[in-house]
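Everything on this sheet refers to the single structure shown next.
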Amino acid sequence: MSLTHKTEGLAPRRIVLGIEYLGTPYCGWQYQHHALSVQQVLEEALARVADQPVRVHCAGRTDAGVHATGQVVHFETTAVRSERAWTLGVNAHLPDEVAVRWARAVDADFHARFSAVARHYRYLILRRPARSALWHRRAFWTHRALSVAPMREATAALIGRHDFTSFRALACQAKSPVRTLHALDLSERGDLLVLSVSADGFLHHMVRNLVGVLLAIGRGERPVDWAAELLALRDRAQGGVTAPAHGLYLVRVDYPAAFGLPSAADEAGVAALMGDDPRPDENLPAML
């Protein structure tokens, strides 16, 4: 049966989607004229189901190579479709690396970016002598030993509301470098070291720069108090190397309960990535 319906005179509806994607083949989230983006392939698939142009707005614009299990987007359309059409129907037109997980209709005051109250990222570090074929471009591999204890100790100075100038990209366009870091935890899952970070918002490259500093401390190249020193310096030029993009995942975006969106606990696979799976070594594929 055709998904095309008459839409003349209908008021636009606001639809929210939960999205996951493997960022490896894409230039990042945001549309670019001369490279393929996640936004482009999603909008093209939505347009085929809606039978009209669609423009999406996301919770967080991920860089090239960054992955997501919990990206959230919204769009407006006069097309009347079921939640099944916005998920399975759209997925039928998406490449294998991108998928819609859920869909909900919301009030017009919802905005994927501006309604968010917190964002959660995970950075995966694979520690073993030989490289992995299965984790290639899905985790940052290092054959060098990492001392986790000083890395954990260094995170304490970063928690709270601070000026994170030393941890943002030089080209970052955010008006203020001040952010509130709610949590920064390290958990060991076999060969994987998982860094979990939550904040009210993030600056450009902020998570990857945090990881770069912690890696230098874990390798013994810098002392534990280096993270605190960088925070006080407020100078990106004094900071460490930016960690590679392919270890980073956007895993969850939090919104006020009044919007009635699915929680991360409802999403298969996210629990494992967040370190909640009791048998992580038996469920590594679920962490992708």
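So the sequence shown is numbered by our numbering: it starts at 494 and just counts up by one. Each residue gets a CB set at the ideal place from its N, CA and C atoms; glycine is no exception.
Check	Outcome
Backbone CA spacing between threonine 517 and leucine 688 [nearest angstrom]	20 Å
Terminal residues of the beta strand (DSSP E) in which alanine 543 lies	Counting along the chain, alanine 543 falls outside any beta strand (DSSP E), though it belongs to the alpha helix (DSSP H) covering 531-543.
Leucine 651 (DSSP reduced to helix, strand or coil)	helix
Beta-carbon contacts of alanine 632 that lie in its chain and below 8 Å, excluding the five residues immediately before and after	Leu617, Ile618, Leu619, Ser625, Leu685, His739, Gly740
Where histidine 739 falls: helix, strand or coil (DSSP)	helix
Buried versus exposed call for glycine 809 [16 or more other C-beta atoms within 10 Å across all chains shown]	Because residue 809 is not part of the residues shown, which for the chain are 494 to 781, the question remains open.
Cβ-based burial, proline 559 [other Cβ within 10 Å; buried from 16]	For the sequence presented, residue 559 should be read as valine rather than proline. Under this definition valine 559 is a buried residue.
In chain order, each beta strand (DSSP E) run of at least 3 residues that lies wholly inside the region 617-647	633-635
Residue environment, glycine 732, which counts as buried when at least 16 other CB atoms sit within 10 Å	buried
Environment of glutamine 666 [buried if 16+ CB atoms lie within 10 Å]	exposed
Aspartate 600 versus Glu569, Trp628, Asp656, Asn702, residue with shortest Cα-Cα distance	Glu569
DSSP beta-bridge partners of tryptophan 595	Gly511
Rounded separation between glycine 553 and leucine 703 - CA only	18 Å
Distance between proline 546 and alanine 578 (C-alpha atoms, nearest Å)	16 Å
C-beta contact flag for tyrosine 614 and valine 744 at 8 Å	yes
Alanine 709: first and last residue of the uninterrupted alpha helix (DSSP H) it sits in	699-711
Endpoints, the alpha helix (DSSP H) within which glutamate 590 is located	Per DSSP, glutamate 590 belongs to no alpha helix (DSSP H) and is neither H nor E.
For arginine 729 and threonine 673, believed in contact at Cβ under 8 Å, the rounded distance	With 8 Å as the limit, threonine 673 and arginine 729 do not qualify as a contact, their Cβ atoms being about 20 Å apart.
Straight-line Cα distance separating proline 622 from leucine 668	Reading off the sequence shown, one finds lysine at residue 668, where the question assumed leucine. Using only the alpha carbons, I get a separation of about 42 Å.
Alpha carbon of arginine 637 to alpha carbon of glutamate 714, nearest angstrom	12 Å
Valine 566 vs tyrosine 514 beta-carbon contact at 8 Å	no
Reduced DSSP secondary structure (H/G/I, E/B, other) of glycine 521	strand
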